[in-house]
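Residue numbers (the numbering used here): 249 to 372.
In C-alpha cells:
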C-alpha cells in the first residue's frame, strides 16, 4: 500500500486547544504516516504553534485520542516539525524556545515542501 502513497506528506495543523478534535486529527494522521515510513513534515500554525514549546503537547487531552506528546515524538523522530514564523512571532516564540528538532520557517518553505514532486499536502 505504501507504494501507491505520496513520498512526502505535508500536514498543516491550524488548530490547537481551541479545536481539539481537528488538532488531534492532524497529529494522528502525521504520526500514523510517519510510523508507516512516509516522509512527513508537520507544520504548526495558528493555535497549534504552542505545541512547539516543551511540555505543551503533554498538557493536551482529548478522550479516545492518542496522547499528543507521544504523536509529536513519533513525528520528530522520523520527520520534520516546523512552527510558522509569523505565528511564532505573534506568540513571542523564538528559535531558543522550541523543542529540540522543531524549526521555525515561513510560507515560502511551506509552499516549497507542499509543491514538491510526490508531495501531498493536508490542512487541518
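We treat Cβ as the ideally placed atom computed from N, Cα and C, and that holds for glycine.
Just grab the DSSP bridge partners of residue 352 for me. DSSP output for residue 352 lists 331 as bridge partner(s).
Burial state of residue 297, where buried means 16 or more other Cβ atoms lie within 10 Å: buried
Is residue 361 buried or exposed, if buried means 16 or more other CB atoms sit within 10 Å of its CB? buried
Which term fits residue 327, buried or exposed, when burial requires 16 or more other beta carbons within 10 angstroms of its beta carbon? buried
Taking residue 325 as part of the alpha helix (DSSP H), name the residues at either end of that continuous run. 316-326
Which residues does DSSP pair with residue 287 in a beta bridge? 256
At the level of alpha carbons, what is the spacing between residue 324 and residue 266? 23 Å
Residue range of the alpha helix (DSSP H) that includes residue 305: 304-307
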